[in-house]
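Novice: Sending over a structure as structure tokens; questions will come in a sec.
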Amino acid sequence: MATEPSAAPRQPAQVPPPLVPGLRGLLTLAVGVVLIAALYLGREVFIPLVLAVLLSFVLAPVVNLLRRLHLGRVPSVIVAVLLALGVIGGIGTVIGTQVAGLAGNLPQYQTTVQRKVAGLQQGWLGEANRLLQKFNHQVHDATQKADAAGTTAETGPAGDTPKAQLVRVEQPEPSPLALAQKVLGPIVSPLTDVGIVLVVVVFLLMQREDLRNRMIRLFGSSDLHRTTVAMDDAAGRLGTYFLAQLGMNAAFGVLIGISLWFIGVPNPILWGVFSAIMRFVPYIGAFASGLLPVALAAAVDPGWSMVIATAALFLIAEPIFGQVIEPLLYGHSTGLSPFAVIVSTLFWGFLWGPIGLILATPFTVCLVVLGRHVDSLEFLDVLLGDRPPLTPVENFYQRMLAGDPDEARDLGEAMLKERSLSSYYDEVALKGLQLAANDFARGVVTPAQLENIRNSARALVEDFEDHPDAEPAGDDTTVNPSATPTLAERTHTRTEAVPGQAPPREALPEAWRGEAPVLCVAGRGPLDEASSAMLAQLLRKHGLGARVIGYEAVSRDRIRDLDLTGVAMVCISYLDISGSPAHLRYLLERLKRRAPQLPVLVGLWPVGETVLTDAALGRAIGADVYVSSLRDGVKACLKAAEAASGSVAKPRKADQLNVVHEVLHN
26 MATEPSAAPR
36 QPAQVPPPLV
46 PGLRGLLTLA
56 VGVVLIAALY
66 LGREVFIPLV
76 LAVLLSFVLA
86 PVVNLLRRLH
96 LGRVPSVIVA
106 VLLALGVIGG
116 IGTVIGTQVA
126 GLAGNLPQYQ
136 TTVQRKVAGL
146 QQGWLGEANR
156 LLQKFNHQVH
166 DATQKADAAG
176 TTAETGPAGD
186 TPKAQLVRVE
196 QPEPSPLALA
206 QKVLGPIVSP
216 LTDVGIVLVV
226 VVFLLMQRED
236 LRNRMIRLFG
246 SSDLHRTTVA
256 MDDAAGRLGT
266 YFLAQLGMNA
276 AFGVLIGISL
286 WFIGVPNPIL
296 WGVFSAIMRF
306 VPYIGAFASG
316 LLPVALAAAV
326 DPGWSMVIAT
336 AALFLIAEPI
346 FGQVIEPLLY
356 GHSTGLSPFA
366 VIVSTLFWGF
376 LWGPIGLILA
386 TPFTVCLVVL
396 GRHVDSLEFL
406 DVLLGDRPPL
416 TPVENFYQRM
426 LAGDPDEARD
436 LGEAMLKERS
446 LSSYYDEVAL
456 KGLQLAANDF
466 ARGVVTPAQL
476 ENIRNSARAL
486 VEDFEDHPDA
496 EPAGDDTTVN
506 PSATPTLAER
516 THTRTEAVPG
526 QAPPREALPE
536 AWRGEAPVLC
546 VAGRGPLDEA
556 SSAMLAQLLR
566 KHGLGARVIG
576 YEAVSRDRIR
586 DLDLTGVAMV
596 CISYLDISGS
606 PAHLRYLLER
616 LKRRAPQLPV
626 LVGLWPVGET
636 VLTDAALGRA
646 IGADVYVSSL
656 RDGVKACLKA
666 AEAASGSVAK
676 PRKADQLNVV
686 HEVLHN
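Numbering of the sequence shown is given in the working numbering, commencing with residue 26 and proceeding in unit increments.
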């Protein structure tokens with residue numbers, strides 16, 4: 026008979042120090058610097074292009090609607106662009122008319138402002154101003170005396186100084202060409218930009234499918250089906266979002282305009298349009314748009330009631346729109362993290378000026394949605410998106426590594442609102458523990474950290490002792506772009522329904538009626554005992570008692586003393602195992618010699634890269650049943666108990682195993 030080699034204590038492997046940044050990192054940095062410089066230097070070209078892309082997203086649903094009315098591609102695009110041109114031209118005309126009217130009334134407003142300033146100067150503000158001026162004069166006189174004393178000491182008494190002469194510089198008469206350029210320049214430049222934007226929009230809408238195919242070729246040609254669906258979904262979501270945002274801002278502008286008209290502020294249409302445009306600037310845009318109306322109200326009204334009403338309008342309207350109406354219409358946020366919104370606003374404002382402030386949020390939303398659908402651009406979603414940067418498995422491992430079971434429990438309870446306890450253990454907890462076991466094998470986890478993970482895992486299992494293993498009711502759905510699952514989240518799919526309950530204890534044979542008919546044996550790995558504790562807990566929740574023992578209890582020297590009283594089945598748990606390990610084969614041999622009548626289940630949580638996925642190899646090693654999830658392990662034990670209860674008083678082991686294999690493989 027083969028003998029088991031002596032198990033030497035596992036020594037963590039040595040990990041080499043991290044490498045310094047190589048040529049690839051330097052090239053990436055250089056490309057980033059060149060890209061930012063190109064965006065800054067070529068802003069006159071890129072700004073119209075970005076405006077055209079955003080406008081194409083807004084007009085795409087309109088074009089689709091017209092095409093569903095059998096208008097044809099070209100007529101639909103032309104009608105949509107003409108509609109956009111009419112809206113832009115109308116807004117420009119209104120703004121120009123309102124600005125001209127405002128300029129004509131400025132002298133009247135100036136008189137009112139002077140009266141208010143004079144009234145304020147007669148009160149405490151004037152007294153404070155006089156004190157400040159007096160202090161300023163005293164400082165100025167003292168400074169002049171010190172300078173005069175220093176000059177006299179250096180140069181002596183001042184002699185006759187030459188008198189200053191007045192020099193007048195006359196500008197030449199401007200030429201007709203220069204005069205025309207000065208007059209028409211401010212008009213021609215915006216019209217040129219509008220023309221470029223409309224031309225680019227026409228081509229974008231006419232060749233949407235061709236551009237989509239080119240993007241697929243660049244970023245996702247290895248999986249055409251998924252990439253095509255993702256790109257179409259991203260375009261649809263962005264179009265819907267931008268239309269909703271545009272409609273929301275337009276509604277905000279209409280509300281502001283009507284309210285200012287009731288309050289009595291002049292040119293309410295101008296301020297309504299200005300507020301709608303400024304609301305594209307996140308957080309401060311709507312409030313900043315209220316500064317000019319408040320100042321104008323102060324210039325119009327001799328009193329202060331109009332100023333207070335105007336300020337209250339902006340202070341109340343924006344929170345209602347941002348915190349109440351927007352979440353009800355298209356979700357709670359844009360899909361961007363607050364930090365990303367601030368950084369993107371500063372970045373694009375620095376590169377492109379005021380127009381960059383307005384384009385920052387819509388353009389960054391495009392980048393985030395693209396990052397959620399294209400693998401090679403996922404870093405954009407990680408950097409800018411509002412999704413958690415770590416997967417649930419990584420979050421679990423990080424909390425375990427920090428020795429913070431309370432935070433791990435909080436994250437677990439949040440996930441248990443959407444899945445069962447067995448699903449949480451299979452999809453998150455076991456995979457997180459496997460990450461820890463792999464890192465310990467590589468030598469990056471110290472023994473102290475490993476002890477923290479053990480204690481945290483034990484505390485987590487104890488905290489969920491009273492939580493049922495059942496699928497929660499309810500299904501949360503959202504319709505905003507942030508509802509798109511991240512690429513990391515798509516790798517974690519929900520498992521099947523939870524197993525049922527064991528037969529009543531009186532219906533079970535005597536071997537299964539004990540307090541712990543299932544013996545959960547931990548493997549030789551550093552965290553296998555935690556996985557065994559999870560399996561034992563799930564078995565208890567489904568009506569089968571279970572107890573956990575460590576690997577030392579089944580060693581060659583101590584297996585003779587193993588208490589198998591009341592045990593009807595043995596389950597062995599492994600987290601990190603691969604190949605055909607000798608210690609597992611010898612362990613199964615010892616168990617079969619010690620209790621040949623007991624069925625033995627080997628659980629690999631999860632199966633990972635192990636080669637024990639082949640049934641023939643599993644039988645060659647000696648496993649009666651092997652599973653790769655806690656859910657399957659619980660199901661196997663329940664079916665073994667049901668098979669035992671349905672046969673004779675002393676059921677044959679082969680009968681139980683046949684039923685178990687049939688259930689698991691079907």
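Glycine included, C-beta positions come from ideal geometry on N, C-alpha and C. Computed from a prediction, not measured in an experiment: that's the story for all the values here.
1) Which of the three DSSP states is assigned to residue 599 in this structure?
2) Under DSSP, the alpha helix (DSSP H) around residue 695 begins and ends at which residues?
3) For the structure I just gave you, are there three or more beta carbon pairs, one from the region 397-412 and one from the region 82-101, closer than 8 Å?
4) When the Cα of residue 415 is compared with those of 453, 526, 434 and 127, which residue comes out closest?
5) Given that a residue counts as buried once 16 or more other Cβ atoms are within 10 Å of its Cβ, and exposed if not, what is residue 343?
6) With a 10 Å radius around its C-beta and 16 neighbouring C-beta atoms as the bar for buried, classify residue 22 as buried or exposed.
7) Do the CB positions of residue 650 and residue 623 come within less than 8 Å of each other?
8) With a Cβ-Cβ cutoff of 8 Å, do residue 73 and residue 218 count as a contact?
9) Can you tell me where the beta strand (DSSP E) with residue 574 in it begins and where it stops?
10) Using the three-state DSSP reduction, which class does residue 627 fall into: helix, strand or coil?
11) How many angstroms separate the CA atom of residue 93 from the CA atom of residue 85?
12) Is the CB-CB distance between residue 306 and residue 382 below 8 Å?
13) DSSP three-state call for residue 60: helix, strand or coil?
14) Have a look at residue 347 and residue 315 and give me their C-alpha separation to the nearest angstrom.
15) If you compare alpha carbons, which of 48, 65, 459 and 53 is closest to residue 372?
16) For the putative contact between residue 695 and residue 663, defined by C-beta atoms under 8 Å, what is the C-beta separation to the nearest angstrom?
17) Given residue 274, which residues of its chain have a CB within under 7 Å of its CB, disregarding the five upstream and five downstream residues?
18) Taking the alpha carbon of residue 68 as the reference point, which residue from 658, 539, 377 and 577 has its own alpha carbon closest?
19) Alpha carbon to alpha carbon, how far is residue 426 from residue 449?
20) In terms of residue numbering, what span does the beta strand (DSSP E) encompassing residue 650 cover?
21) Counting pairs of beta carbons, one from the region 522-534 and one from the region 573-583, are three or more of them closer than 8 Å?
22) So is residue 438 buried or exposed if we call it buried at 16+ other beta carbons inside 10 Å?
23) Between residue 291 and residue 127, is the Cβ-Cβ spacing less than 8 Å?
24) Identify which residue in 653, 589 and 107 has its Cα closest to the Cα of residue 598.
25) State the Cα-Cα distance for the pair residue 13 and residue 435, rounded to the nearest angstrom.
26) Identify, in the order they occur along the chain, each residue of the same chain with its Cβ nearer than 6 Å to the Cβ of residue 216, setting aside the five sequence neighbours on each side.
27) Quick one: grab the DSSP three-state call for residue 268.
28) Could you give the distance in angstroms between the alpha-carbon of residue 475 and the alpha-carbon of residue 353?
29) Got a sec, what are the start and stop residues for the alpha helix (DSSP H) residue 695 sits in?
30) Which residue from 565, 285, 269 and 553 puts its Cα closest to that of residue 541?
31) How would you label residue 490, buried or exposed, when you count the other beta carbons within 10 angstroms and need 16 or more for buried?
32) What separation, rounded to the nearest whole angstrom, lies between the Cα atoms of residue 571 and residue 545?
33) Of the choices 424, 456, 70 and 466, whose alpha-carbon is the least far from that of residue 484?
34) Which same chain residues end up closer than 8 Å to residue 700 when comparing Cβ atoms and leaving out the 5 residues on each side of it in sequence?
35) Would residue 82 and residue 375 qualify as a contact pair, given that the criterion is a beta-carbon distance under 8 Å?
36) Applying the 10 Å Cβ sphere with the 16-neighbour rule, what's the burial state of residue 338?
Specialist: Checking against the coordinates, here is how it stands:
1) strand
2) With the chain running from 26 to 691 in the structure shown, residue 695 is simply not present.
3) no
4) 453
5) buried
6) Nothing in the structure corresponds to residue 22, since the chain is present only between 26 and 691.
7) no
8) yes
9) 571-574
10) strand
11) 12 Å
12) yes
13) helix
14) 16 Å
15) 65
16) No statement about residue 695 is possible, as the shown extent of the chain runs from 26 to 691 and does not include it.
17) 301, 304 and 305
18) 377
19) 18 Å
20) 650-652
21) no
22) exposed
23) yes
24) 653
25) Within the shown structure, residues of the chain are numbered from 26 to 691, placing residue 13 beyond reach of any answer.
26) none
27) helix
28) 46 Å
29) Residue 695 is absent from the structure shown; the chain starts at 26 and stops at 691.
30) 565
31) exposed
32) 7 Å
33) 424
34) Lying outside 26 to 691, the shown extent of the chain, residue 700 is not represented and no answer is given.
35) no
36) buried
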